[in-house]
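Working notes, beginning with the structure itself.
Number of protein chains: 4
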Amino acid sequence: MEGVYRLVMSCPDRVGIVARVSNFLAQYNGSIMEANHHADLEQGWFFMRNEIKASSLPFGADTLAEVFAPIAADLNMSWRITDSAVKPQVVLMASRDSHCLADILNRWHSGDLDCDIPCVISNHDDLRSLVEWHGIHFHHVPVDPENKAPHFAEVERLIEHYKADTVVLARYMQILPPALCGKLPYRIINIHHSFLPSFIGARPYHQAHERGVKLIGATCHYVTEDLDAGPIIDQDVVRVTHRDRIDDMVRLGKDCERTVLARGLRWHLEDRVLVHGNKTVVFN
Amino acid sequence: MEGVYRLVMSCPDRVGIVARVSNFLAQYNGSIMEANHHADLEQGWFFMRNEIKASSLPFGADTLAEVFAPIAADLNMSWRITDSAVKPQVVLMASRDSHCLADILNRWHSGDLDCDIPCVISNHDDLRSLVEWHGIHFHHVPVDPENKAPHFAEVERLIEHYKADTVVLARYMQILPPALCGKLPYRIINIHHSFLPSFIGARPYHQAHERGVKLIGATCHYVTEDLDAGPIIDQDVVRVTHRDRIDDMVRLGKDCERTVLARGLRWHLEDRVLVHGNKTVVFN
Amino acid sequence: MEGVYRLVMSCPDRVGIVARVSNFLAQYNGSIMEANHHADLEQGWFFMRNEIKASSLPFGADTLAEVFAPIAADLNMSWRITDSAVKPQVVLMASRDSHCLADILNRWHSGDLDCDIPCVISNHDDLRSLVEWHGIHFHHVPVDPENKAPHFAEVERLIEHYKADTVVLARYMQILPPALCGKLPYRIINIHHSFLPSFIGARPYHQAHERGVKLIGATCHYVTEDLDAGPIIDQDVVRVTHRDRIDDMVRLGKDCERTVLARGLRWHLEDRVLVHGNKTVVFN
Amino acid sequence: MEGVYRLVMSCPDRVGIVARVSNFLAQYNGSIMEANHHADLEQGWFFMRNEIKASSLPFGADTLAEVFAPIAADLNMSWRITDSAVKPQVVLMASRDSHCLADILNRWHSGDLDCDIPCVISNHDDLRSLVEWHGIHFHHVPVDPENKAPHFAEVERLIEHYKADTVVLARYMQILPPALCGKLPYRIINIHHSFLPSFIGARPYHQAHERGVKLIGATCHYVTEDLDAGPIIDQDVVRVTHRDRIDDMVRLGKDCERTVLARGLRWHLEDRVLVHGNKTVVFN
Chain A
723 MEGVYRLVMS CPDRVGIVAR VSNFLAQYNG SIMEANHHAD LEQGWFFMRN EIKASSLPFG
783 ADTLAEVFAP IAADLNMSWR ITDSAVKPQV VLMASRDSHC LADILNRWHS GDLDCDIPCV
843 ISNHDDLRSL VEWHGIHFHH VPVDPENKAP HFAEVERLIE HYKADTVVLA RYMQILPPAL
903 CGKLPYRIIN IHHSFLPSFI GARPYHQAHE RGVKLIGATC HYVTEDLDAG PIIDQDVVRV
963 THRDRIDDMV RLGKDCERTV LARGLRWHLE DRVLVHGNKT VVFN
Chain B
723 MEGVYRLVMS CPDRVGIVAR VSNFLAQYNG SIMEANHHAD LEQGWFFMRN EIKASSLPFG
783 ADTLAEVFAP IAADLNMSWR ITDSAVKPQV VLMASRDSHC LADILNRWHS GDLDCDIPCV
843 ISNHDDLRSL VEWHGIHFHH VPVDPENKAP HFAEVERLIE HYKADTVVLA RYMQILPPAL
903 CGKLPYRIIN IHHSFLPSFI GARPYHQAHE RGVKLIGATC HYVTEDLDAG PIIDQDVVRV
963 THRDRIDDMV RLGKDCERTV LARGLRWHLE DRVLVHGNKT VVFN
Chain C
723 MEGVYRLVMS CPDRVGIVAR VSNFLAQYNG SIMEANHHAD LEQGWFFMRN EIKASSLPFG
783 ADTLAEVFAP IAADLNMSWR ITDSAVKPQV VLMASRDSHC LADILNRWHS GDLDCDIPCV
843 ISNHDDLRSL VEWHGIHFHH VPVDPENKAP HFAEVERLIE HYKADTVVLA RYMQILPPAL
903 CGKLPYRIIN IHHSFLPSFI GARPYHQAHE RGVKLIGATC HYVTEDLDAG PIIDQDVVRV
963 THRDRIDDMV RLGKDCERTV LARGLRWHLE DRVLVHGNKT VVFN
Chain D
723 MEGVYRLVMS CPDRVGIVAR VSNFLAQYNG SIMEANHHAD LEQGWFFMRN EIKASSLPFG
783 ADTLAEVFAP IAADLNMSWR ITDSAVKPQV VLMASRDSHC LADILNRWHS GDLDCDIPCV
843 ISNHDDLRSL VEWHGIHFHH VPVDPENKAP HFAEVERLIE HYKADTVVLA RYMQILPPAL
903 CGKLPYRIIN IHHSFLPSFI GARPYHQAHE RGVKLIGATC HYVTEDLDAG PIIDQDVVRV
963 THRDRIDDMV RLGKDCERTV LARGLRWHLE DRVLVHGNKT VVFN
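If you read the sequences in order, they're chains A, B, C and D.
For the first sequence, the working numbering assigns the number 723 to the initial residue and increments by one for each residue that follows.
For the second sequence, the working numbering assigns the number 723 to the initial residue and increments by one for each residue that follows.
For the third sequence, the working numbering assigns the number 723 to the initial residue and increments by one for each residue that follows.
For the fourth sequence, the working numbering assigns the number 723 to the initial residue and increments by one for each residue that follows.
Next comes the structure, spelled out in structure tokens:
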């Protein structure tokens, strides 16, 4: 795969932003492989993502950032430049259920997910062998329900130790403390096993069964301090009928969960997800 | 289309129900065109629907009901027999938006909906011409926001006058008074423009836009005294993106609403929907 | 709705196209409401669509085209500029089935389709009243199966008379002669009642039933001289089961057909569909 | 999970079949957990599946078959009785791609697929470690493109050796010889990476990309002597756009393939799939 730099930005909307940025790139002969724009006219905000062929530029990502910085400052941009050659470090967290974890590991192992997975952290030891077969460190960090602080302290230490760019809660089933959430803004991805905002909180399939809905779903979102209320990256649903008991819903929902999580994670890793307020722009 | 009788029943589950009913039908040489069973093992409840070729029986629907009654009593059934030759009377209620109403009228006019539509009731006069073109009575019954009682009294009178079997709220936008709901249990069908239980109440597309969901939906349900909380007949969703403004959501949602309402209404009219507790069994 | 100009173009890919175009627009203070790019790296071809707020420019669409022409020539563009204030003239053609026609007419009547519909042409008289109720001319042009030439001559005359920009075959069921297709390249839209390339030609639901597929579909495409082989604009599917007979498939398929046709037509009318080779780029 | 017997049958349609069978079951106090009927009125054929609680009967599956045989003979049934306590033996065949294989193994390992997997056969050695980690025998049986007979002879020997009830071609990529297909009628399941009958044969994603379709799909079907023409068990699709290159289609298609194969295999293993002519009845 051809190496690319990804220039991702948002700023107050005004005339001439695209001209400024595209002139800048053209001036260095930058070859744009993919470009996406979005103007949120209500909010007056502009979003843009460019993939530039790395070899078309006369310099590397660091210099690109340096020479772009004045334009970004002038236009009041939130922005970042990432280099596809530098793999993001993704720490996975799980509990006992393997369906999401095994799915991510298989995609990674098949070369379909462009990242490093330095370790998996779990509050149970069940998934150790699966993880270690993939050549990935497994950390069993038990939770004491009476005193969860030591667990989260160790989790935080591991996240720092492995220099995680992104943390994925692959059915981790614990609620992260606000302080930890705050340290990795829009870098912690959760899969919730309902079509949010329906069935927030615990046991959503039980809630769905109780209500008699005809579709169940899954939601991939960034974790914020508000439980299940962070910006939504992707969602999907699957049809159920009166014949489906709770265990059928759980089974059908699993397919939905792993697909939605894999899709959301991929978009995140390719810098396709921009957050504004509590909503996402997804350039997929 | 071959005429059929529909024998629809539910009762406490036990061994031998199917044998009793199928023996009964076989004894009169009844030819079963379609049969559906469902045993809810958690609730201990059994549901069944049979379509019997009318011409295969030596008697009509009334006699069928008479001879079946002792079995039904013995098994503590809730049951009904309907004759496909007797068209149900469906009163439609609408407000200003035509998308659901026009869709139902076109299906009816094309012969795809097997019912009579004796009248349409609306709190506005906008849709009169559309309705009257189809040869259907149109009743404009204005609502005084300060005193809605006269409106609902007249609605109730019309429903009775036209001997409505079923009332469809095709984006009627008013909340029916509990007393009226209670008179037509599981006979009033509403289309709610969200994927319930998300976004109950007013302006669901605005709520969806605010929350940043990636799918919006529609829900067809029976109206009960609890707003938007009645048994769900069908639901569906459509994908939205960050590019979709509220008016795009409204437009995309309309397609979802009319499809879901038409599907739910069809199943209801074919006696495919059985209610138990606050949930439906849909033999589609 | 704010008036916009749509600048739609495709050309051989090279560095600097976006810069040239966005500079051009910025120079006249053009406010970009929506922008879409696509580089087909295999074909070495570039596609772009810009919506510019009409009131932000100091001149009208004609002058915009004039001042843009040299850039377009320099970059070897296929291009067009359309003005949202000038409604496209859409001639509808139908046969006997009303589902697609009634759907388009209802959307148009509700203000959801931004075009004029100067007339409907049909080889049968069945839909006259429906069309005329909408205040639209209806032309019954019968087909003599032994000699179809007079029919098509009259159709061609009407298309010219009404200055049609776009012709929609809303289940018209006749095969247009190649010469007529050639006169309106990528301006004639058909809805085919199968998921192409499955079940080309006649009676696709019968073919689908015979093969035992579990999903049926519909395809909206531009009409070319090759039957059912033109560039695909949109497709969708709906699930069927062993219980569905051919008439059920027809009924379920109708919902799919009307939704897909309406979606494709809308994108076409908003200049979101660009054709390259036998494929479409759809900036939706 | 409560043990069940599954009584699955099809026969010429006539009055009284359900009565005969349900009387038979009621007479032995058999408790029906789930029942499904289907009358194909065009073909004059009747299909039925009953799940009977094993512990409700006074005898085992063998005796059940014995006492039922006269009724089956009398009604000219094709029929079978299976015991959920006897796990089917499923042999998996794969090539180099792991996505379908890893998915099935994860479901099996998680207890979501009720079968034994005695071995995996592959023409390459790549997937050995994945398979062996699950504690399953792996047989690498290379194919000589000049002379495939020895490969298939060994495959056949292994299928017999492991007493396979079902063989799953999980992206095996070789065409089984007709003689081998004939030995396991409706017991070999394939996943084809297109929405059949579109894109039969090799490289369906390339064909789909060439045609410019807007949805790609996957089809799970029984293998017969006619390539990609056997009875379809399940299908699904996923949306693609002009931005998706062939490798994107392959990636998106993989999710579709594994979901459809897992669903079809599950239904097959639960005896929910009945074949009649070249079509399936799926009681799901």
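Backbone N, C-alpha and C define an ideal beta-carbon position, used for all residues, glycine too.
Given the structure is predicted, the values throughout are model-derived calculations rather than measurements.
Excluding the 5 residues flanking residue i on each side, which residues of the same chain have their C-beta closer than 7 Å to its C-beta?
{"i": "F921(B)", "result": "Q929 and A930"}
{"i": "T946(A)", "result": "C903 and G952"}
{"i": "R829(D)", "result": "L835 and A984"}
{"i": "E854(B)", "result": "F860"}
{"i": "K936(D)", "result": "R961 and V962"}
{"i": "Y894(D)", "result": "M815, A816 and S817"}
{"i": "D1022(A)", "result": "The question about residue 1022(A) has no answer here: the residues shown for chain A are numbered 723 through 1006."}
If we call anything under 9 Å between Cβ atoms a contact, is residue i one with residue j?
{"i": "M731(D)", "j": "S832(D)", "result": "no"}
{"i": "K870(C)", "j": "D838(C)", "result": "no"}
{"i": "V737(D)", "j": "A748(B)", "result": "yes"}
{"i": "A757(A)", "j": "V740(C)", "result": "yes"}
{"i": "I890(A)", "j": "V877(A)", "result": "Residue identity check: residue 890(A) is Val in the sequence provided, not Ile. Contact: no."}
{"i": "I911(D)", "j": "I955(D)", "result": "yes"}
{"i": "V812(C)", "j": "L987(C)", "result": "yes"}
{"i": "N772(A)", "j": "S817(A)", "result": "no"}
{"i": "A892(D)", "j": "L823(D)", "result": "yes"}
{"i": "I913(C)", "j": "E979(C)", "result": "yes"}
With a CB to CB cut of under 8 Å and the five nearest residues on each side skipped, what residues in its chain are close to residue i?
{"i": "I803(C)", "result": "Y727, R728, L729, V730, A783, L786, A787 and F790"}
{"i": "S916(C)", "result": "I922, P926, Y927, Q929, A930, I938, G939, A940 and T941"}
{"i": "A795(C)", "result": "none"}
{"i": "L949(D)", "result": "I897, I922 and G923"}
Within its chain, find whatever has a CB closer than 6 Å to the CB of residue i; leave out the 5 residues flanking it on each side and keep chain order.
{"i": "K976(B)", "result": "H821"}
{"i": "G752(B)", "result": "I774, S778 and L779"}
{"i": "P899(A)", "result": "F874"}
{"i": "R850(C)", "result": "F860"}
{"i": "D848(C)", "result": "R818"}
{"i": "G725(C)", "result": "A776, S806 and A807"}
Can you tell which of the options has its C-alpha closest to the C-alpha of residue i?
{"i": "A886(B)", "options": "E724(B), V853(B) and I843(B)", "result": "I843(B)"}
{"i": "R965(A)", "options": "D948(D), N1006(D) and V935(D)", "result": "N1006(D)"}
{"i": "T1002(B)", "options": "L891(A), G986(A), R933(A) and V982(A)", "result": "R933(A)"}
{"i": "M755(B)", "options": "G752(D), N912(D), H759(D) and A824(D)", "result": "H759(D)"}
{"i": "M971(D)", "options": "T981(D), V959(D) and G986(D)", "result": "V959(D)"}
{"i": "R967(D)", "options": "A757(C), R742(C) and D762(C)", "result": "D762(C)"}
{"i": "A924(B)", "options": "Y944(B), K905(B), Y908(B) and Q896(B)", "result": "Q896(B)"}
{"i": "L827(C)", "options": "D847(C), G857(C), A807(C) and D805(C)", "result": "G857(C)"}
{"i": "Y944(D)", "options": "L974(D), H990(D) and T981(D)", "result": "H990(D)"}
{"i": "E992(C)", "options": "H883(C), V1004(C) and P840(C)", "result": "V1004(C)"}
From the DSSP output, read off the bridge partner residues of residue i.
{"i": "A761(A)", "result": "F768(A)"}
{"i": "D811(A)", "result": "Reading off the sequence, residue 811(A) comes out as Gln, not Asp. Paired residue(s): D838(A)."}
Please list the residues of the region 923 to 941 of chain C that have a C-beta atom closer than 7 Å to any C-beta atom in chain D, keeping them in chain order. R933, G934, V935, K936 and L937
Relative to chain C, which residues along the region 821 to 842 of chain B have a C-beta separation below 7 Å, given in chain order? H821, A824, N828, S832 and D834
The region 991 to 1003 of chain D: positions lying closer than 7 Å to chain C by Cβ: N1000, K1001, T1002 and V1003
Residues within the region 962 to 980 of chain A neighbouring chain D, beta-carbon criterion of under 7 Å: R973 and D977
Name the residues in the region 852 to 869 of chain B whose C-beta lies less than 9 Å from a C-beta of chain C; which are they? L852 and W855
In the region 749 to 766 of chain C, which residues sit with their C-beta less than 9 Å from some C-beta in chain A, listed in chain order? Q749, N751, G752, S753, I754, M755, E756, A757, N758, H759, H760, A761 and L763
Members of the region 773 to 804 of chain C that neighbour chain A once the beta carbon cut-off is set at 8 Å: S778
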